[in-house]
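Shown next, in structure tokens, is the structure this report addresses.
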Amino acid sequence: MFPNRWFFCCLISWLPCLANAGVEPNTVLLDARFNDQPLNAQIGTGGASLGQPVSISAGLQAFVVPSGVLPTASLRVRPLASGAARFVSFEFVDSAEVTDGLLTINFLLKAGQLDRRLVYVREQGSAGRDFLSMTLLSSGSIAVSDQSGNSASIGTYTAGALMAFEFRFKMDTGRYSIFLNGVPLATDRAHGITDRGIGSLIIGTDPASTEGLDWFVDDVQAFRLDELLVDGFE
15 MFPNRWFFCC
25 LISWLPCLAN
35 AGVEPNTVLL
45 DARFNDQPLN
55 AQIGTGGASL
65 GQPVSISAGL
75 QAFVVPSGVL
85 PTASLRVRPL
95 ASGAARFVSF
105 EFVDSAEVTD
115 GLLTINFLLK
125 AGQLDRRLVY
135 VREQGSAGRD
145 FLSMTLLSSG
155 SIAVSDQSGN
165 SASIGTYTAG
175 ALMAFEFRFK
185 MDTGRYSIFL
195 NGVPLATDRA
205 HGITDRGIGS
215 LIIGTDPAST
225 EGLDWFVDDV
235 QAFRLDELLV
245 DGFE
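Be aware that the sequence shown starts at 15, since it is given in my numbering, and climbs by one per residue.
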């Protein structure tokens, strides 16, 4: 469960009042929780409307597996070979690209062993802009960089730990923050992009990732938030 889950539960109860007040309700852009996907099989690539990614690189297995490693059904990501970057790519519903307002992206991640794993937030339909590039390193460190060219070590992770990541973007100011299990790892970083918006979350491995090592992903979600409703969005 995400640290801000209580916020979204409260928000649902407010939506009728907000509609009457003329405030547009928050938009769910991506909701891939895998509970309704066929188990023990490669997930489809039908996109956000089906709760699926839009593409999976050759040489990367992305199986939906039953609860056990994670509390509910999840996506097991396994590189079948090393030597190349391979990705599971999610895009927003209706090919949306967010250029203004507030955006939050959440997901659960569990790595069975320390290794190199990549998480990108990019524009829709291509891979030319890094609003956020996060790398989980085989040393146990977590590093971040973006289009601005600034990189930093922001934290650590351990094998077997359940990690709830949350990325918060203020699109009007071009800044973002990263939270892990509710704790800020990076705050108010400038991503350096002004000509595109956010439209995808990409999860994968790089050429140095170890063949056959599993990691598990669940509750991949993205919400566009109305600034009037958010108190303390940092």
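Ideal placement from N, C-alpha and C gives every residue a C-beta, glycine not left out.
Here G169 is buried: its Cβ has 16 or more other Cβ atoms, across all protein chains shown, within 10 Å. DSSP places D232 within a strand segment (E or B) once states are collapsed to three. In terms of Cβ geometry, L53 and V83 do not form a close pair [threshold 8 Å]. Under the criterion of beta carbons closer than 8 Å, V234 and L44 qualify as touching, at roughly 6 Å. If one requires a minimum length of 3 residues, the beta strand (DSSP E) runs lying completely within the segment 125 to 185 are 131 to 136, 146 to 150, 155 to 159, 166 to 170 and 176 to 184, in chain order.
Beta-carbon to beta-carbon, S191 and A200 are separated by about 6 Å, close enough to satisfy the 8 Å threshold.
Proximity of the segment 110 to 127 to the segment 168 to 182 meets the contact definition, three or more beta-carbon pairs being nearer than 8 Å. The beta-carbon separation of R100 and L74, rounded to 4 Å, stays under the 8 Å limit for a contact. Annotation for D228: R90, R92 and G126 place their beta carbon closer than 6 Å to its own, counting only its chain and skipping 5 residues before and after.
Cβ neighbours of T224 within its own chain (closer than 7 Å, five residues either side excluded): S96 and D129. Judged by DSSP secondary structure, L194 falls within the beta strand (DSSP E) whose first and last residues are R189 to L194. In summary, T219 is buried, with 16 or more beta-carbon neighbours lying within 10 Å of its beta-carbon over all protein chains present. The residue from L64, G211 and G61 with its alpha-carbon nearest to that of G142 is G211. When E105, L123 and Q66 are compared, the shortest CA-CA separation from G174 is found for L123. By the 16-neighbour rule on beta-carbons within 10 angstroms, S109 is exposed. Looking at the DSSP output, R238 sits in a beta bridge with T41 and L117. By the Cβ neighbour-count rule, D144 is buried, with 16 or more other Cβ atoms within 10 Å of its own.
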